[in-house]
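K.L.:
Throughout, the working numbering is defined as the position within the sequence shown, counted from one, plus 624. Positions of the beta carbon are idealized from the N, C-alpha and C atoms, including for glycine.
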Amino acid sequence: MSELKKIALQILGNGKGILAADESTATMTKRLENVNVPSTPENRLLFRETLFSSSSMADCIGGVILYDETIKQTSSKKNKIPELISSMGSYPGIKVDTGAKVLAGSPEEKITEGLDGLRERLKEYSKLGAKFTKWRGVYSISKNYPSQLSIQSNAHALARYSALVQECNMVPIVEPEVLMDGEHSAQDCYQKTSDVIKRCFEELIIHKVDLKGIILKPNMILAGNKYKDKLSSQEVTNLTLKCLKNSVPSEVPGIAFLSGGQTEIEATENLNLINKNNDTNFIMSYSYGRALQQSALKFWSKNINDIEGTQKVFNHRAKMNTLAAQGKWSREIDN
Ligand code: 13P
Numbered sequence: 625m626s627e628l629k630k631i632a633l634q635i636l637g638n639g640k641g642i643l644a645a646d647e648s649t650a651t652m653t654k655r656l657e658n659v660n661v662p663s664t665p666e667n668r669l670l671f672r673e674t675l676f677s678s679s680s681m682a683d684c685i686g687g688v689i690l691y692d693e694t695i696k697q698t699s700s701k702k703n704k705i706p707e708l709i710s711s712m713g714s715y716p717g718i719k720v721d722t723g724a725k726v727l728a729g730s731p732e733e734k735i736t737e738g739l740d741g742l743r744e745r746l747k748e749y750s751k752l753g754a755k756f757t758k759w760r761g762v763y764s765i766s767k768n769y770p771s772q773l774s775i776q777s778n779a780h781a782l783a784r785y786s787a788l789v790q791e792c793n794m795v796p797i798v799e800p801e802v803l804m805d806g807e808h809s810a811q812d813c814y815q816k817t818s819d820v821i822k823r824c825f826e827e828l829i830i831h832k833v834d835l836k837g838i839i840l841k842p843n844m845i846l847a848g849n850k851y852k853d854k855l856s857s858q859e860v861t862n863l864t865l866k867c868l869k870n871s872v873p874s875e876v877p878g879i880a881f882l883s884g885g886q887t888e889i890e891a892t893e894n895l896n897l898i899n900k901n902n903d904t905n906f907i908m909s910y911s912y913g914r915a916l917q918q919s920a921l922k923f924w925s926k927n928i929n930d931i932e933g934t935q936k937v938f939n940h941r942a943k944m945n946t947l948a949a950q951g952k953w954s955r956e957i958d959n
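(1) What is the C-beta distance between Gly933 and Phe923, in whole angstroms, given that I count them as a contact (C-beta under 8 Å)?
(2) For Ala644, which beta-bridge partners are listed by DSSP?
(3) Any heavy atom of ligand 3 inside 7 Å of the beta-carbon of Ser911?
(4) Since I believe Leu643 is in contact with Leu916 (beta carbons under 8 Å), could you give me their beta-carbon distance rounded to a whole number of angstroms?
(5) Hey, is the segment 706-726 in contact with the segment 764-774, meaning 3+ C-beta pairs nearer than 8 Å?
(6) Taking the CB atoms as reference points, tell me whether Tyr769 and Glu733 lie closer together than 8 Å.
(7) Under 7 Å from any heavy atom of ligand 1, does the C-beta of Glu890 make it?
(8) Is it true that the CB of Leu921 sits closer than 8 Å to the CB of Ser857?
(9) Give the C-beta separation of Met727 and Leu773 to the nearest angstrom, bearing in mind that I take them to be a contact with Cβ-Cβ under 8 Å.
(10) Return the chain-ordered list of same chain residues with a C-beta closer than 7 Å to the C-beta of Leu788, the five sequence neighbours on each side being excluded.
(11) Give the straight-line distance between the Cα atoms of Val795 and Ile957, rounded to the nearest whole angstrom.
(12) Excluding five sequence neighbours on each side, which residues of the same chain lie with their C-beta closer than 7 Å to the C-beta of Ser919?
(13) Are the beta-carbon atoms of Thr653 and Arg672 separated by less than 8 Å?
(14) Beta-carbon separation of Ala810 and Leu855 under 8 Å?
(15) When DSSP labels each residue in this structure, what does Thr722 get in the three-state scheme?
(16) Tell me the rounded alpha-carbon separation between Glu807 and Lys816.
(17) Provide the residue(s) that pair with Phe756 in DSSP beta bridges, ordered along the chain.
(18) Less than 7 Å between the CB of Glu893 and some heavy atom of ligand 1, yes or no?
(19) Taking the beta strand (DSSP E) that Ile765 belongs to, which residues open and close that run?
(20) Along the chain, where does the alpha helix (DSSP H) that runs through Met908 open and close?
(21) Alpha helix (DSSP H) containing Ser710: first to last residue?
(22) Checking 8 Å against the spacing of the C-beta atoms, do Cys824 and Ile845 come in under that value?
(23) Since I believe Asn870 is in contact with Ser954 (beta carbons under 8 Å), could you give me their beta-carbon distance rounded to a whole number of angstroms?
(24) Please report how far the alpha carbon of Gly848 lies from the alpha carbon of Thr861, in whole angstroms.
(25) Which runs of the alpha helix (DSSP H) fall wholly inside the segment 878-927 and span at least 4 residues, in chain order?
(26) For Leu727, does the three-state DSSP call read helix, strand or coil?
(27) Could you round the C-beta distance between Val820 and Val802 to whole angstroms and report it? I think they count as a contact, below 8 Å.
(28) Look at the Cβ atom of Gln935, then the Cβ atom of Ser678, and state whether they are nearer than 8 Å.
(29) Measuring only from the beta carbon, is Asp646 closer than 7 Å to any heavy atom that is part of ligand 1?
(30) By the DSSP assignment, the alpha helix (DSSP H) with Ile631 in it spans what residues?
In structure tokens:
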């Protein structure tokens, strides 16, 4: 088995998932201001270090995606953040795209940037201890979107990124996120997500990316957040499994969903049912940002020095998602 596949399986094996703690400084500032904590480098580090040194890192969190600021920070116990994560039994990873910008030719859509100088940045991150990386393409749904231009150009960027990451012996997380904002139906989300994922794999193959050494990070198939009806967890599960079965090549070792604005409980419940019904060879786990951190952040904001209490809240959420990644979660044990 290739080294990259081994790493992918260690990150996602045995119900483990990924903690997406790679919010840019601008996004993290919004999250902290929302709970009335000043967004200083020290506070951003304190919250993240609290999560990274919690006990669930060993049992539940196979990998942590970091942001550039964090991978270069040093913990209060004087170890480098990637070393802290490795010492807890998890893999450090890094977001390497530089964000989604206006797409020339279709200005209501976005193209993710960050390819220029990427080879050099990857070498630096690898030296700092990163074993895997993330790049997110973002697509919105409306009558005419995502356009072919957006599907094509983001797939091309994801493929060029992935090839460069594997050249540097790291596992690329390929994240094409079809957003849940809007009035669209689940059927629309199904169709458009299928188009997006299929195009990504066509480009990955053209760029000679080893599909056994990537992790796919897709959205679940959901109705838009302004759609008139709410989908049941069983409907989300059926559509999500159908979409992935039809659009992901079987060599891909693991799929780790983003939470995308679902509540913590929705994200866990849907993941659980997907795993109960999983009739594919893919591992189906989580790579959650908000759905892993929300309660912990809220608790922490009331007393930023209550490390133990915050870790307890985070450990619970991580444990629930790790149970869900094995189809063993229930509402009763989550209470
Ligand atoms: P959410 O789980 O909050 O959607 O974040 C995951 C992520 O990494 C988005 O790029």
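P.N.:
In this structure, then:
(1) In the sequence shown, counting from the first residue as 1, residue 933 sits at position 309. In the sequence shown, counting from the first residue as 1, residue 923 sits at position 299. Rounded, the Cβ-Cβ distance is 6 Å, consistent with contact.
(2) Your numbering for residue 644 matches position 20 in the sequence shown. The partner list for Ala644 (beta bridge, DSSP) reads Ile689.
(3) Ligands displayed in this structure: ligand 1; ligand 3 is not among them.
(4) Reading the sequence shown from its first residue, position 292 is the one you call residue 916. Reading the sequence shown from its first residue, position 19 is the one you call residue 643. Confirmed, about 6 Å.
(5) no
(6) Within the sequence shown, numbered from 1, the residue matching residue 769 stands at position 145. Within the sequence shown, numbered from 1, the residue matching residue 733 stands at position 109. In contact: Tyr769 and Glu733 (Cβ atoms closer than 8 Å).
(7) Along the sequence shown, read from residue 1 onward, the residue named residue 890 stands at position 266. Every heavy atom of ligand 1 is 7 Å or more from the Cβ of Glu890, so no.
(8) Here the question's residue 857 lines up with position 233 in the sequence shown. Here the question's residue 921 lines up with position 297 in the sequence shown. Against a cut-off of 8 Å, the Cβ pair of Leu921 and Ser857 comes out as no contact.
(9) In the sequence shown, the residue the question calls residue 727 occupies position 103. In the sequence shown, the residue the question calls residue 773 occupies position 149. Going by the sequence as given, residue 727 is Leu instead of Met. Confirmed, about 7 Å.
(10) Here residue 788 corresponds to residue number 164 of the sequence shown, with the count starting at 1. These residues qualify, in order along the chain: Leu742, Arg743 and Leu746.
(11) Taking the sequence shown and counting its residues from 1, one reaches residue 795 at position 171. Taking the sequence shown and counting its residues from 1, one reaches residue 957 at position 333. If I take the Cα positions, the gap works out to 34 Å.
(12) In the sequence shown, residue 919 corresponds to position 295, counting from 1. Cβ neighbours of Ser919 beyond the five flanking positions: Glu888, Val937 and Arg941.
(13) As a position in the sequence shown, residue 653 is number 29, starting the count at 1. As a position in the sequence shown, residue 672 is number 48, starting the count at 1. No, these two residues do not count as a Cβ contact at 8 Å.
(14) Here residue 810 refers to the residue found at position 186 of the sequence shown. Here residue 855 refers to the residue found at position 231 of the sequence shown. Against a cut-off of 8 Å, the Cβ pair of Leu855 and Ala810 comes out as a contact.
(15) For the purposes of this step, residue 722 is taken as residue 98 along the sequence shown, with counting starting at 1. Correct three-state label for Thr722: coil.
(16) Walking along the sequence shown from the start, residue 807 turns up at place 183. Walking along the sequence shown from the start, residue 816 turns up at place 192. Cα to Cα, the separation comes out at about 14 Å.
(17) In the sequence shown, residue 756 corresponds to position 132, counting from 1. BP columns for Phe756 point to Gly717 and Val795.
(18) Here residue 893 refers to the residue found at position 269 of the sequence shown. False, no ligand heavy atom lies under 7 Å from that Cβ.
(19) Within the sequence shown, the letter at position 141 stands for residue 765. Ile765 -> no beta strand (DSSP E), and no H or E assigned at all.
(20) Reading the sequence shown from its first residue, position 284 is the one you call residue 908. Unbroken run through Met908 is the beta strand (DSSP E), Ile907 to Tyr912; no alpha helix (DSSP H).
(21) As a position in the sequence shown, residue 710 is number 86, starting the count at 1. Start and end: Ile705 to Ser711.
(22) Here residue 824 refers to the residue found at position 200 of the sequence shown. Here residue 845 refers to the residue found at position 221 of the sequence shown. No; because the gap between Cβ atoms is not below 8 Å, this pair is not in contact.
(23) For the purposes of this step, residue 954 is identified with residue 330 of the sequence shown, where counting begins at 1. For the purposes of this step, residue 870 is identified with residue 246 of the sequence shown, where counting begins at 1. Contact flag wrong, Cβ pair sits at about 30 Å.
(24) On the sequence shown, residue 848 is found 224 positions in, with the first residue counted as 1. On the sequence shown, residue 861 is found 237 positions in, with the first residue counted as 1. Those two C-alpha atoms are separated by around 16 Å.
(25) 888-900 and 914-926
(26) For the purposes of this step, residue 727 is taken as residue 103 along the sequence shown, with counting starting at 1. DSSP places Leu727 in strand when its eight states are reduced to three.
(27) Counted from its first residue, the sequence shown places residue 820 at position 196. Counted from its first residue, the sequence shown places residue 802 at position 178. Confirmed, about 6 Å.
(28) Taking the sequence shown and counting its residues from 1, one reaches residue 935 at position 311. Taking the sequence shown and counting its residues from 1, one reaches residue 678 at position 54. Yes, the pair counts as a contact, with Cβ atoms nearer than the cut-off.
(29) On the sequence shown, residue 646 is found 22 positions in, with the first residue counted as 1. At least one heavy atom of ligand 1 is nearer than 7 Å to the Cβ of Asp646, so yes.
(30) Looking up residue 631 in the sequence shown gives position 7. Run containing Ile631: Glu627 to Leu636, per the alpha helix (DSSP H) assignment.
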